[in-house]
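Notes for the one structure printed next.
4 protein chains.
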Amino acid sequence: MHPLLADHRSEAARVLSEEVHAYYAGGAGGQVSTGDAEDAWLRLRLRPRVLRDVSHVDTAVTLLGTDLATPVLAGPTAAHGLAHADGESETARGVAAAGSLLVVSTRASQPLERIPAGPWWFQAYVVRDRQRTLDLVRRASDAGATAVVLTGDVPYLGNRPGASRLQLQVNAPDDGDVADPSAGLEVIGDLAAASGLPVLVKGVLRGDDAQVCLDAGAAGVVVSNHGGRQLDRAVPTVDVLAEVVEAVDGRGPVLVDGGLRSGLDVLCALALGADAVLLGRPVLWALAAGGAPAVQACLEALTADLSHVMGLAGARSTTELRPDLVSPRRA
Amino acid sequence: MHPLLADHRSEAARVLSEEVHAYYAGGAGGQVSTGDAEDAWLRLRLRPRVLRDVSHVDTAVTLLGTDLATPVLAGPTAAHGLAHADGESETARGVAAAGSLLVVSTRASQPLERIPAGPWWFQAYVVRDRQRTLDLVRRASDAGATAVVLTGDVPYLGNRPGASRLQLQVNAPDDGDVADPSAGLEVIGDLAAASGLPVLVKGVLRGDDAQVCLDAGAAGVVVSNHGGRQLDRAVPTVDVLAEVVEAVDGRGPVLVDGGLRSGLDVLCALALGADAVLLGRPVLWALAAGGAPAVQACLEALTADLSHVMGLAGARSTTELRPDLVSPRRA
Amino acid sequence: MHPLLADHRSEAARVLSEEVHAYYAGGAGGQVSTGDAEDAWLRLRLRPRVLRDVSHVDTAVTLLGTDLATPVLAGPTAAHGLAHADGESETARGVAAAGSLLVVSTRASQPLERIPAGPWWFQAYVVRDRQRTLDLVRRASDAGATAVVLTGDVPYLGNRPGASRLQLQVNAPDDGDVADPSAGLEVIGDLAAASGLPVLVKGVLRGDDAQVCLDAGAAGVVVSNHGGRQLDRAVPTVDVLAEVVEAVDGRGPVLVDGGLRSGLDVLCALALGADAVLLGRPVLWALAAGGAPAVQACLEALTADLSHVMGLAGARSTTELRPDLVSPRRA
Amino acid sequence: MHPLLADHRSEAARVLSEEVHAYYAGGAGGQVSTGDAEDAWLRLRLRPRVLRDVSHVDTAVTLLGTDLATPVLAGPTAAHGLAHADGESETARGVAAAGSLLVVSTRASQPLERIPAGPWWFQAYVVRDRQRTLDLVRRASDAGATAVVLTGDVPYLGNRPGASRLQLQVNAPDDGDVADPSAGLEVIGDLAAASGLPVLVKGVLRGDDAQVCLDAGAAGVVVSNHGGRQLDRAVPTVDVLAEVVEAVDGRGPVLVDGGLRSGLDVLCALALGADAVLLGRPVLWALAAGGAPAVQACLEALTADLSHVMGLAGARSTTELRPDLVSPRRA
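Heads up: the protein sequence lines correspond to chains A, B, C and D, in order.
The working numbering puts the last residue of the first sequence at 1137; the count rises by one with no breaks.
The working numbering puts the last residue of the second sequence at 1137; the count rises by one with no breaks.
The working numbering puts the last residue of the third sequence at 1137; the count rises by one with no breaks.
The working numbering puts the last residue of the fourth sequence at 1137; the count rises by one with no breaks.
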């Protein structure tokens, strides 16, 4: 783990209430997937090249038409007000300052109109009152979101021992509308039509499922097991990333999250074909530890670290990061 | 392990005598197979699907013509009187209330006519007085059993260090008739003829062996290593389940036991082709901890857990659970 | 490990001097091979068959024309006088009483004419005075040995930290003749001619090497890494046994040693194609712990254990133990 | 690890300042590659041959026309003055006495004209003032170096936590010229032309990269991950050695470094196709522990150990060490 992230994590553990900290840290069931995530990236080894001119290393990417300084993005996490008084507004300032992009959660602590200060996408759940979801993504579009990230792996909440009361509070707000287990692939088209925005499906862990989503109108996918908070023992994202990339075959961007904690982790993800990565818990740690400046520092530190190891690996741009750069650790 | 099972296990350890507890827990030889069993299921990872309508998840199965609410069954274990004063009657009440099925052991603490309150099968050993075995399965048939589960892996008892005195008591009852090592495949047909019931062979750990049993008249097989209590270092059942399922090729039901402790374990077993699973020790823990209500709670909890994770995996019925849903953990 | 062997080991540790105990236990270099040996067998899992008539299980084998009650033999180890006042004579009595065979070491504490009480083979080193070796095997033949086991993996002694003084004493006796590093494959024929006996080469760890030895006149091979006392990090014998068996292709017996400690280990070795196994340290433990009766008990216990697990695996004779009975553990 | 190296390491830890010791020991990032290095060699197992005449075992090699008594060479490490008052001169005396070869670092504590007492090569970094590098290799050639080892994996320094102040001092000397990240493959030809010497590229970890270097004029390659001090999680050298050897296909020598600590490690490297190995930290430990005599003893001990295990493996010369001699450990 990058030392700055480790510092933020320690500081967050100090300043957050035990309940909030447990809510952030927890996973579903036996927490196998949550525990696997970081280790899974550490199982990869690198096969660098030597004597390439790396005087200029470029980490910039373009995602769905948006130019970004970095492929390290802030993923959707709920209720930033638990970590900082200014909630998502504070996060957004840090993200924008780093030249990155924020995915704002449906479960944000603030009205989405108040939040963003830079490029952002909107994360949507499908609730039982379908119209409500459609209205929400239209509102996000009006407020400036340039894409919808549709969470596909929450037909209902996973069992997460030890954080249930706060979880309930966050996930079943006053209006009481909850996730709709009957939501099917048709939702992708519905959200695209309602918002007029590209829709990425988050939670994809199979190549065939990625194709099904694209065929149903998705503009891209996010390889994710929801931080291990939904289906325990779901496969680590790194293990299926290449399969999904191959199946998507360039039809849209592939993003990935889950346990990425260093420039080396990001380099591995990009080498395996991801167009960008999403950080979940590290952004919350930073937000709790130091607000927008810490969020900015977190994203910039990982980006600088990525640039550093790209050069050491002989790669000058993210397009030079290809699968032959990584190989599994031998036991 | 599902939290309720863990609670039952703790409570059973509290209320049972040390001797009985050791008898339940023990395995053969170096106890390698006993120790492997639970871990073997944990080595599998899941590859769920997203955005499937899972508003209705159905765990019901039909086994040899019997409709059951759940594929989680109570396997044959000896001498329930050691765990509860009402012995197998108590177990049967809990199993029936859960809409499940009980496999009654030859070594039951009660006459089999007194026991069952719902669908049940009868587990048979082959003893040296062959006629005695034939009479027993006929008696079971008359009493309402709808299938015979023939234990195939006990030509004689495995060496189980540390539980020998009680084991002897349980397995060599007053009449003194013991297992018959000369029993061969012809026994399958003999028991079917005597009982007029379908006969499943329990203890199968190879595809070719499953075919040999079916060719000899078996109606199905139970993939089992006898809880590690017979041949130590016998392969974990999960490792051979797919091979057996492929070899059986739909000619009859394939059940599996050994270390299944959660809805995720059951989901994996069904995905690999099992038609149902048998619980051994967990039912005894429940019986000791709380009698029929606890047995019912145990089976219902695993069934609910199965339903929960099926939905999270995008599967609406057990027929949608296929091998591509699981993959081995990477090291 | 079989409980009786563990008891003998503990008792031997109690009664032997620290120096002798260290000499028995030690291996070469970092002692990797010595440490690997027992664990390597434990990595195998079994795939038993059910419902075979196993009322008669036969462990008898015939090796180079000699009928033996068991395939569990006593391998060549040096200087039994360190473990028991009566040295190899005592060992030989125990081995004969168990219906087994003893391989007497060149470094025996007693003249080979005094030792054997049953079927025995003679282990030969090649020393610098070649004639001396030839005279010795002729003497062994005259004294009743029915085969020569030529140690092929000692061109000189491996570096064994911590036991050097006693080792020197054992391996460089008064006459001072030491191992001849110039010994080549021609020695096989020379020893056969001098003794008129079949010659097995001990230390073979490769299929191609087995063929080379047979082509040079060997009557069989012993798969061995010398208990880890010669080339450290030599492959565990279990890992190359099948390769050697395939290469030998029935041209002569294949024996194996190294870390075999239970009936299950022996079953695995036979299933992988070994005709018999050699015990090294366990016989020394038994000899130190209780003389001939303990040696007999050790061999009989492993034989009984072998018979027991053969029956549980559905095998009636050693010829029914085939490679499909074992499979590697999955991690 | 060879006992003498372990002794030197302990003694070095005693006599060196904490800062220098940490500078030697440290690696980049999470120090994964540094930690992997020694263990990676220990994962190999050996498949020796028996009964070969090994009365004469020859460890001599010829590298780029230079005859050496041993394939165990002293690799380039910086600032020997930190370990011994006489710096590289002292090292060179020990290396020459052992019949080995020293690769002198650009960051040597002494002018390169003062240092060597035997065969030596010169290690070059490419600095921003390219002419300076060219002048330096010409100077090395004039002073008697017979080859240039071009470090290809330092476009800039890797992040090495905990040793930064001293590292800075060593790597950014008074003149302030630092590594040039714009250096490309053309440097190989430039250095060859300027020095009139063969140029080996150090840091190669891929077969295709080795070919690219040879095509650009390299005379050979050194498989190295810089002791884990540049790109953390770079693959262990042993894992890519065979790939590089196959790609080089005899067009020039292939050397390897990284975690080699015993004759068995060296034997494995040579069996996988390396022409020689480089020791890094062990030479520094020896230098600190006992100056030239200890350096000589270190190299001679590993050479004697290599000869010893070659004989035990049935190999008479380094040309008889081939890939079939090693196989991966089974888990």
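Backbone N, C-alpha and C fix where the C-beta goes; we use that ideal spot for every residue, glycine too.
Note to self: Under 7 Å, Cβ to Cβ, is there at least one residue of chain B near Gly1009(A)?
What the structure shows: With 7 Å as the cut-off, Gly1009(A) counts as an interface residue toward chain B.
Notebook entry, point to check: How many angstroms separate the CA atom of Ser905(B) from the CA atom of Val1046(C)?
Noted result: Just to set this straight, residue 905(B) is Gly in the shown sequence, not Ser. Roughly 52 Å between the two C-alpha positions.
Next item on the list: Please name the residue in Arg851(A), Val860(A) and Ala831(A) whose C-alpha comes closest to that of His1114(A).
Entry: Nearest to His1114(A) by alpha-carbon distance, out of Arg851(A), Val860(A) and Ala831(A), is Val860(A).
Checklist line | Alpha carbon of Asp892(D) to alpha carbon of Arg966(D), nearest angstrom | finding: If you take the alpha carbons of Asp892(D) and Arg966(D), they lie about 27 Å apart.
Next item on the list: Flag this pair as touching only if the region 878-886 of chain B and the region 1080-1098 of chain B have three or more C-beta atom pairs under 8 Å; answer yes or no.
Entry: The region 878-886 of chain B is in contact with the region 1080-1098 of chain B.
Check: Under three-state DSSP, which class holds Leu1003(D)?
Finding: DSSP places Leu1003(D) in coil when its eight states are reduced to three.
Check: Going along the chain, which unbroken runs of the beta strand (DSSP E) with 3 or more residues stay wholly within the region 857-900 of chain C?
Finding: Segments of the beta strand (DSSP E) lying fully in the region 857-900 of chain C: 867-869, 872-874 and 878-880.
Check: Any idea if Ser1001(A) is buried or exposed, counting beta-carbon neighbours within 10 angstroms, 16 or more meaning buried?
Finding: It is buried - the Cβ of Ser1001(A) has at least 16 other Cβ atoms within 10 Å.
Check: Which ranges does the alpha helix (DSSP H) cover as unbroken runs of at least 4 residues, wholly within the region 989-1044 of chain B, from first to last along the chain?
Finding: Correct list: 992-1001 and 1013-1021.
Check: Using 7 Å as the limit for Cβ to Cβ distance, is Arg971(B) near chain C?
Finding: Chain C contact via Cβ: absent.
Next item on the list: Tell me, please, which residues DSSP counts as bridged to Pro1134(C).
Entry: For Pro1134(C), DSSP records a beta bridge to Leu850(C).
Next item on the list: Counting only the same chain and skipping the five closest in sequence on each side, list residues whose C-beta sits under 7 Å from that of Leu852(B).
Entry: Same-chain partners within the cutoff: Ala1119, Leu1131 and Val1132.
Margin query: Quick check on Gln1036(A) - is its C-beta less than 7 Å from some C-beta in chain B?
Written below: Closer than 7 Å to some Cβ of chain B, the Cβ of Gln1036(A) qualifies, so yes.
Note to self: Do Ala1098(B) and Ala1092(B) count as a contact pair if the criterion is CB distance below 7 Å?
What the structure shows: No.
Check: So with Cβ pairs under 7 Å, would you call Leu852(B) a contact of chain A?
Finding: Flagged as an interface residue toward chain A: Leu852(B), by a C-beta distance shorter than 7 Å.
Check: Nearest CA to the CA of Val933(D): which residue from Tyr962(D), Pro925(D) and Ala1025(D)?
Finding: When each option's Cα is compared against that of Val933(D), the closest is Tyr962(D).
Item checked: For Asp1063(B), three-class secondary structure by DSSP -> Shown here, Asp1063(B) sits in a strand according to DSSP, grouped into three states.
Check: Measuring CA to CA, which of Leu1073(D), Arg1035(D) and Val1027(D) is closest to Ala1144(D)?
Finding: Look at the range of chain D in this structure, 807 to 1137, and you will see that residue 1144(D) is not part of it.
Checklist line | Contact under 7 Å by Cβ, Ala1075(B) with Val1060(B) | finding: For Ala1075(B) and Val1060(B), no; Cβs fall outside 7 Å.
Notebook entry, point to check: Does Ser1123(B) have its Cβ less than 7 Å from a Cβ in chain C?
Noted result: Cβ-Cβ to chain C under 7 Å: no for Ser1123(B).
Checklist line | Spatial distance of Gly1096(A) from Ala889(A) (CA atoms) | finding: Near 10 Å, if we compare the C-alpha coordinates of Ala889(A) and Gly1096(A).
Checklist line | Per DSSP, cross-strand counterpart(s) of Trp926(C) | finding: According to DSSP, residue pairing for Trp926(C) in a beta bridge involves Leu908(C).
Note to self: If you follow the beta strand (DSSP E) that Ala951(D) is in, where does it begin and where does it stop?
What the structure shows: Where Ala951(D) is concerned, there is no enclosing beta strand (DSSP E), because DSSP gives it neither an H nor an E.
Check: Which one or two residues does DSSP pair with Ala1082(B) in a beta bridge?
Finding: Its beta-bridge partners are Leu1061(B).
Item checked: Cα-Cα separation, Val1018(A) to Pro1088(A) -> So the two alpha carbons sit approximately 31 Å from each other.
Checklist line | Separation of Ala812(B) from Val943(B), as counted between CA atoms | finding: Computed Cα separation, rounded: 35 Å.
Next item on the list: Using a Cβ-Cβ cut-off of 7 Å, state whether Pro987(B) counts as contacting chain C.
Entry: Yes, its Cβ sits closer than 7 Å to a Cβ of chain C.
Checklist line | When Leu918(D), Ala951(D), Val867(D) and Leu1020(D) are compared against Glu1126(D), the one with the closest alpha-carbon | finding: Per the C-alpha coordinates, the member of Leu918(D), Ala951(D), Val867(D) and Leu1020(D) positioned closest to Glu1126(D) is Val867(D).
Next item on the list: Please confirm whether Gln916(C) and Gly964(C) have their CB atoms less than 7 Å apart.
Entry: No, the Cβ-Cβ distance between Gln916(C) and Gly964(C) is not below 7 Å.
Next item on the list: Evaluate Glu1049(D) with the Cβ neighbour count: other Cβ atoms within 10 Å of its Cβ, from every protein chain shown; 16 or more gives buried, anything less gives exposed.
Entry: Flag for Glu1049(D) reads buried.
Notebook entry, point to check: Mind checking Asp1021(B): buried by the 16 CB within 10 Å criterion, or exposed?
Noted result: Answer is exposed; the Cβ neighbour count stays below 16.
Checklist line | Within chain B, partners of Asp859(C) - CB distance below 8 Å | finding: Correct list: Pro987, Ser988, Ala989 and Gly990.
Check: Taking Cβ to Cβ, would you say Ser839(A) is nearer than 7 Å to Asp1071(A)?
Finding: With respect to Asp1071(A), Ser839(A) sits apart: the two C-beta atoms are not nearer than 7 Å.
Note to self: Using CA atoms only, rank isn't needed, just tell me which of Thr872(C), Arg945(C) and Asp941(C) is closest to Asp924(C).
What the structure shows: In the sequence as displayed, the identity of residue 924(C) is Gly instead of Asp. Per the Cα distances, Thr872(C).
Check: What does Gly964(B) reach in chain C if we use C-beta pairs closer than 7 Å?
Finding: Listed along chain C, the residues sitting closer than 7 Å to Gly964(B) by beta-carbon distance are Leu1118.
Notebook entry, point to check: Between Asp1015(D) and Gly841(A), what straight-line distance do the alpha-carbon atoms span, to the nearest angstrom?
Noted result: About 36 Å.
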